[in-house]
Amino acid sequence: MDLKRKVCPSWESDKKQVSQLNKSIMHAKVYQITKHRVDKENYLNENTLTQGDSSDYDYCSEISEEERAESIDTLVNDILPKGMFTLVGSDELVFNGGTTEWIHDWVNAIHEKSENVTAENVTHWIGAAYQLQKVINNPLGTDSHFYLSESTTQTFGEESSELMRMVCKLRIGERLYIGGIIDYHF
4 MDLKRKVCPS WESDKKQVSQ LNKSIMHAKV YQITKHRVDK ENYLNENTLT
54 QGDSSDYDYC SEISEEERAE SIDTLVNDIL PKGMFTLVGS DELVFNGGTT
104 EWIHDWVNAI HEKSENVTAE NVTHWIGAAY QLQKVINNPL GTDSHFYLSE
154 STTQTFGEES SELMRMVCKL RIGERLYIGG IIDYHF
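Numbering-wise (our numbering), the sequence shown opens with residue 4 and increments by one.
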């Protein structure tokens with residue numbers, strides 16, 4: 004019997020859990036979301052974004068089709084506001100409405116965070132002012148970024164506020180399309 008299995012009988016399942024945990028630590032996705040369906044040659048890919056020094060991305064990598072499906076499920080069910088979109092097929096989002104209430108909630112969150120900013124703490128490194136900035140720039144509270152270009156000429160992804168600005172201009176029934184999805188390490 005393998006020594007690892009003798010010392011720790013659950014080693015194989017533990018190894019898989021550790022591997023999954025390592026993939027989620029300091030990793031997130033960049034989703035290409037557009038108003039028009041994007042041809043595969045214009046999909047966001049691991050070479051589209053600026054990586055390394057002076058960038059939000061240490062490195063980017065392609066994902067498998069299985070991981071793509073899981074990532075889309077996470078986008079629809081965990082990242083986007085509940086009920087705002089319905090997934091049709093594998094890459095099409097139908098807008099169901101709900102932005103008026105969502106904007107109201109976002110503004111309330113901004114007000115709540117701004118009340119915590121004082122003359123005494125405004126310069127603290129990860130203090131109340133930073134928390135306010137986070138809720139303004141990333142109202143969905145996700146590490147994922149959003150690539151809103153239909154071509155691959157843009158070299159950066161956006162935080163969730165830019166995605167939601169685009170969403171707030173949609174009419175009920177309009178569609179967004181999911182193009183490329185990549186993993187990134189930060």
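From the three backbone atoms N, C-alpha and C, an ideal C-beta is built for every residue, glycine too. No experiment lies behind these values; they were computed from the predicted model shown.
- For the options HIS39, LEU173, ILE28 and ILE139, the alpha carbon positioned closest to that of GLU95 is the one of HIS39.
- The C-beta distance from LEU166 to PHE189 rounds to 18 Å, too long to meet the 8 Å contact threshold.
- Under the three-state reduction of DSSP, TYR133 is assigned to helix.
- For the set ALA31, THR155 and ILE181, the Cα lying nearest the Cα of ASP59 is the one of ALA31.
- Under DSSP, GLU95 shares a beta bridge with VAL91 and TYR180.
- SER67 and ASP42 have their C-alpha atoms roughly 18 Å apart.
- For ALA31, the enclosing beta strand (DSSP E) stretches over residues 30–37.
- Counting only the Cα atoms, GLU115 lies some 27 Å from VAL79.
- In summary, TYR62 is exposed, with fewer than 16 beta-carbon neighbours lying within 10 Å of its beta-carbon over all protein chains present.
- Ranked by Cα distance from LYS172, the first of TRP105, ASP81 and SER117 is TRP105.
- Rounded to the nearest angstrom, the gap between the Cα atoms of ASN50 and PHE88 is 29 Å.
- The beta carbon of TYR133 is closer than 8 Å to those of HIS127 in its chain, skipping five residues each way along the sequence.
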